[in-house]
Amino acid sequence: MFKMAQVFVYGTLKSGQPNNYRMLDAANGKAKLLARSRTVDSYPLVIATQYNVPFLLNIPGKGHRVQGEIYSVDEKMLNFLDWFERCPHQYQRTLVKLEVDEWVGEGENNPKAGSIVEAFVYSTTTYKPEWLQNPTYENYNYKGDHGLEYIRREDRSTK
Ligand code: PCA
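Residue numbers (the working numbering): 29 to 187.
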């Protein structure tokens, strides 16, 4: 039997961001918010492409410790997310170490703030070299001061 998987989201899938509704849509599977957290290592989180898409570049030691949310997901949701993130072409699903800031999922043996846990993340090693020149962020917001507002899939000419 498939055990629930844990996925760290740092971009448009976070609460309040344009693709979060996809995680809350039961037609895609199950997802439950477990914790707010940040990566143990720093990574460059950049905004790139003509659609202003956030990417966590798989280069530990550069950029910032990135903030995001950990979700528990079932197999159906994990498959959906792999499809939605065009894994393994656009993003690769890798494991990342996270420090828990606040655990919000219920249960008895919840990790305390400061605990280190591991989860999947959609990061990329297939970035364009010029993306390394882009500003890096620690807490992505599609409507941030950067002015690079995310262009939703349904608003693109090629989807
Ligand atoms: N969606 C995934 C990767 C980047 C994005 O926009 C996420 O939020 O983690």
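Cβ coordinates follow ideal geometry from the N, Cα and C atoms, glycine included.
Just so it is clear, the structure is predicted and the values come from calculations on it, not from any experiment.
Taking DSSP as the reference, what is the three-state secondary structure of residue 157?
Here residue 157 is taken as the residue at index 129 of the sequence shown, counted from 1. Here DSSP, grouped into helix, strand and coil, assigns residue 157 to helix.
Just to confirm, does residue 34 get its C-beta within under 8 Å of one of the non-hydrogen atoms of the ligand PCA?
Position 6 of the sequence shown, counted from the first residue, corresponds to residue 34. No; taking the cut-off as 8 Å, the Cβ of residue 34 has no heavy atom of the ligand PCA nearer than that.
Counting along the chain, where does the beta strand (DSSP E) carrying residue 90 start and finish?
By 1-based counting over the sequence shown, the position of residue 90 is 62. Counting along the chain, residue 90 falls outside any beta strand (DSSP E), and DSSP gives it neither H nor E.
Using a Cβ-Cβ cutoff of less than 8 Å, which residues in the same chain neighbour residue 172 once the five nearest sequence positions on both sides are dropped?
In the sequence shown, residue 172 corresponds to position 144, counting from 1. Contacts found: 165.
Which residue wins for smallest C-alpha separation from residue 60, given the options 160, 131, 181, 99?
Taking the first residue of the sequence shown as 1, we reach residue 60 at position 32. Comparing Cα-Cα distances from residue 60 to each of 160, 131, 181, 99, the minimum goes to 99.
Residue 150 beta carbon less than 9 Å from that of residue 39:
The residue given as residue 39 occupies position 11 in the sequence shown. The residue given as residue 150 occupies position 122 in the sequence shown. Contact flag set, yes.
Pick out whichever of 179, 160, 134, 121 has its Cα sitting closest to the Cα of residue 152.
The count along the sequence shown starts at 1 and reaches residue 152 at position 124. 121 is the residue among 179, 160, 134, 121 whose C-alpha sits nearest the C-alpha of residue 152.
Could you pull out every residue in the same chain whose Cβ sits closer than 8 Å to the Cβ of residue 176, ignoring the five residues on either side in sequence?
Position 148 of the sequence shown, counting from 1, holds the residue named residue 176. Cβ neighbours of residue 176 beyond the five flanking positions: 75, 80.
With H, G and I counted as helix, E and B as strand and the rest as coil, what does DSSP make of residue 12?
Because the chain is modelled from 29 through 187, residue 12 falls outside the range shown and cannot be assessed.
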